[in-house]
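Only one structure is covered here, and it is reproduced in the block below.
Number of protein chains: 2
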Amino acid sequence: MQFSRRAWLATGSLLFAVPTVTQAVVADDPLPGWAPGEVKQRLLQFVEQATREGGAGFIPVAERIAVFDNDGTLWPENPVPFQAAFALDTLRGRVADHPEWQADPHVQAALAGDVPALLANQHAGLLRLLALTHQGLTVAEFQARVEKWLQTARHPRFERRYDECVYQPMLELLAHLRSRGFQTWIVSGGGADFMRVWSERVYGIAPQHVIGSHGRVKFEMRDGRPRLVKTLDHLFVDDREGKPAGIHQFIGRQPVLAFGNSDGDKAMLEYTTIDNPRPSLGVILHHTDADREYAYDAQPKSSGKLVEALADAPQRGWLVVDFRRDFRSLFPAPRQ
Amino acid sequence: MQFSRRAWLATGSLLFAVPTVTQAVVADDPLPGWAPGEVKQRLLQFVEQATREGGAGFIPVAERIAVFDNDGTLWPENPVPFQAAFALDTLRGRVADHPEWQADPHVQAALAGDVPALLANQHAGLLRLLALTHQGLTVAEFQARVEKWLQTARHPRFERRYDECVYQPMLELLAHLRSRGFQTWIVSGGGADFMRVWSERVYGIAPQHVIGSHGRVKFEMRDGRPRLVKTLDHLFVDDREGKPAGIHQFIGRQPVLAFGNSDGDKAMLEYTTIDNPRPSLGVILHHTDADREYAYDAQPKSSGKLVEALADAPQRGWLVVDFRRDFRSLFPAPRQ
């Protein structure tokens, strides 16, 4: 950034002679992974106006709250949400030590990859899977397991670490927003303790800006040392109507920008954009690119159903990002 | 600071000749409301060392998390916690419209100011009082009531607005910590929605840094407009073992500084100072000044019992602030 600005100044006279977008200007683009077009322009415009004091679009710094769904918005949710992949891998590894689990129909469904069975009866199977793989551990033990899994597991299609399957255009948008005084928050149905392991490293989003599903942790002194033990008590599912509730509980302030990709984000988009005394923007990422990633809306293979929110988008003024059209890049280069 | 350092350099030889604190240094004192002494020195030292890169006391900015109890730590908790005064005033105002409430023994106890009766049977009366005064309102309605109450109610002893009864030395400490890159959080048994009305204006603590007791809010669209409705479902009581649990849920990171005044803060002090890979400091405010404020520990009149935490302080290395000795000032000058 610095360098290109210097280059721009140094070659000013040359640039003024060139009527089209030059390489130097493109190099200064905060969103190079976004294709030029209306979507990119509206995103940049919203941010620019939010920071222009005295303008109609101005938003005081304290109120520049931007909330992002995670699965399907910042990283893929296929072939299954990544935390489900973690839970399944963990279950497979632990079944050997717990042969009695084999008789559990929920465990059988999980090991068979029978997602509909896991989601039947109000997600009874999924909750059982969470109980077997997430509950009773201390937070530190759980997070060490997630970290170890990230180091060894690879995404079946992209053949890279799961935490390297993150959308490059979204990383750029997060960084651009923060550079303009926005707070970037995750508001996801995924587990808070799961996401906090890597959210700061991968997205630049600190643990205290991660709102996710969670059971209550239990504090206890064990052998004179403090421990936080994970439970599923008072489980809070941070999805659908839970999202604005979670936003209120954790932030206590109406966001001005909400970004999601499914009907699970509809309530969050409504809460952000309806009756907001500040300028606001709702954005939906529509997965339209089976070649580079996945294409789904009405009938997703796992999570991410998008019907109602997409239908409401025009009347609500929500911006719809077309993955194929608007995302010029996919993932960042893998780390060495 | 800048100025005094320059002054110090300029007048170095003079200063070395003067054994006591000079005027120039006092004028630049970030904590003028704190009396000189060991407590003030340890607080300043902790902060100074946390910011000195390469030193043994250094703490990276992202981990400079400081957590503060509210009732009895940032403002008084007598003659009753201020939120209880709000609830009682609200109840009195509403009983006229609800004559049937008169028959409720909990309401009778509240109106008679019978605190032990309200706290009996696992706080059944207090919960009933909360239900009658906090539940079913939208968050916006509730917060408007709190705001209105603050404007009209006066503290019976100090005869000023409740939100002007805040400890000046603590305001200075909060500001000093923030000027050194610390995040200042409230972790209080009080209601989050109650505190967020005034925490930013009074303490400079934004709503998203307020952790308090709360029931789940319910999001609903009413006449096409989003509403958050307060409930007491899944009530989370942010006290005792709930404090470290709340800290984990909201911050996801072990604090380095914890400041409380009662046994309700003991678990938070333990969580902050035991097994912390970073330098840490636990502080207890001991109310010892009946002349200027209140004096209590083992037998408080309302809340704020302080026995176990005080007994543990020497072995844990927790700093004990003596209100009478260490607080040179009490409240800020009232606003005009």
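Quick note, the sequences are listed as chains S and Y, same order.
Position in the first sequence (first residue = 1) + 1 = the numbering used here.
Position in the second sequence (first residue = 1) + 1 = the numbering used here.
Each residue gets a CB set at the ideal place from its N, CA and C atoms; glycine is no exception.
Model, not experiment: these values are computed from the prediction.
Residue i CB to nearest chain S CB: under 7 Å?
i	result
Y/PRO335	no
Y/HIS124	no
Y/ALA67	no
Y/GLU142	no
Y/ASP276	yes
Y/HIS249	yes
Y/PRO208	yes
Y/PRO245	yes
Y/GLU160	no
Y/GLU242	yes
Y/ARG326	no
Y/ARG223	no
Y/ARG197	yes
If we cut at 7 Å on Cβ distances, does residue i have a partner in chain Y?
i	result
S/VAL238	no
S/ARG254	yes
S/VAL230	no
S/ARG226	yes
S/PHE220	yes
S/VAL101	It is worth fixing the name first, because residue 101 of chain S is Glu in this sequence and not Val. Cβ-Cβ to chain Y under 7 Å: no for S/GLU101.
S/HIS235	yes
S/TYR204	no
S/ALA268	yes
S/GLU148	no
S/GLU271	yes
Comparing alpha-carbon positions, which option in the options lies nearest residue i?
i	options	result
Y/ARG158	Y/LEU128, Y/ASP292 and Y/SER330	Y/ASP292
S/LEU172	S/ARG254, S/VAL203 and S/GLN184	S/VAL203
Y/LEU178	Y/LYS244, Y/HIS124 and Y/LEU258	Y/LEU258
S/ALA312	S/SER304, S/SER303 and S/ALA299	S/ALA299
S/ALA334	S/LEU130, S/PRO170 and S/GLN84	S/PRO170
Y/ALA141	Y/ARG228, Y/CYS166 and Y/LEU92	Y/ARG228
S/GLU78	S/GLY191, S/GLN50 and S/ALA63	S/GLY191
Y/LYS244	Y/HIS124, Y/ASP29, Y/GLN42 and Y/TYR272	Y/TYR272
S/HIS1	S/LEU89, S/THR274 and S/LYS306	No answer is possible for residue 1 of chain S: it lies beyond the span of chain S, which begins at 2 and ends at 337.
Y/ASP323	Y/ALA110, Y/ALA36, Y/ALA104 and Y/PRO31	Y/ALA36
Y/ALA125	Y/LEU331, Y/LEU320, Y/LEU236 and Y/ILE285	Y/LEU236
S/LEU233	S/PHE183, S/LEU138, S/VAL81 and S/PRO33	S/LEU138
S/ALA113	S/ALA86, S/GLN123 and S/GLN136	S/ALA86
Y/ALA380	Y/GLY182, Y/ALA314 and Y/ILE248	There is no way to answer for residue 380 of chain Y, as the model of chain Y reaches only from 2 to 337.
Y/GLY253	S/LYS267, S/ASP194 and S/GLU309	S/ASP194
S/PHE332	S/GLY213, S/TRP186, S/GLU165 and S/ILE212	S/GLU165
Y/PHE47	Y/ASP264, Y/LEU174, Y/ASP290 and Y/ARG226	Y/LEU174
S/PRO207	S/HIS215, S/VAL198 and S/SER214	Strictly speaking, residue 207 of chain S in this sequence is Ala, with Pro absent from that position. Here the closest residue by C-alpha is S/VAL198.
Y/MET1	S/TRP319, S/LEU151, S/GLN250 and S/ALA314	The question about residue 1 of chain Y has no answer here: the residues shown for chain Y are numbered 2 through 337.
For residue i, list the residues DSSP reports as bridge partners.
i	result
Y/SER214	Y/GLY192
Y/ALA283	Residue identity differs from the one stated: residue 283 of chain Y is Gly in this sequence, not Ala. Bridge partners of Y/GLY283: Y/ALA259.
Y/LEU236	Answer by DSSP bridge pairing: none, since Y/LEU236 is not bridged.
Y/TRP35	Y/PHE328
Y/LYS231	Y/VAL218
S/TRP76	S/ASP72
Y/ASP323	Y/HIS287
S/ALA67	S/THR185 and S/LEU258
Y/ALA296	Y/THR289
Y/ARG1	The structure shown does not extend to residue 1 of chain Y, since chain Y spans only 2 to 337, so no value can be given for it.
Checking contacts by CB at 7 Å: is residue i closer than that to chain A?
i	result
Y/GLU309	Going by chain labels, chain A is absent from the structure shown, which instead holds the protein chains S and Y.
Next on the checklist: Quick check for students: name the residue ranges of the alpha helix (DSSP H) that lie wholly in the segment 81–155 of chain Y, counting only runs of 4 or more.
Outcome noted: 83–96, 106–112, 116–135 and 140–153
Item to check | Length-filtered (3 minimum) beta strand (DSSP E) runs lying within the segment 151–197 of chain S | outcome: 184–192
Checklist entry - Taking three-plus beta-carbon pairs below 8 Å as touching, is the segment 213–224 of chain S in contact with the segment 94–103 of chain S? => result no
Checklist entry - Counting Cβ pairs closer than 8 Å, one from the segment 275–283 of chain Y and one from the segment 55–63 of chain Y, do we hit at least three? => result yes
Item to check | contact_flag[the segment 316–328 of chain Y, the segment 116–128 of chain Y] where n(CB pairs < 8 Å) is 3 or more | outcome: no
Checklist entry - Does the count of Cβ pairs from the segment 252–271 of chain Y and the segment 67–76 of chain Y closer than 8 Å reach three? => result yes
Item to check | Inter-stretch contact (C-beta, 8 Å, three-pair minimum) for the segment 71–78 of chain Y and the segment 140–153 of chain Y | outcome: no
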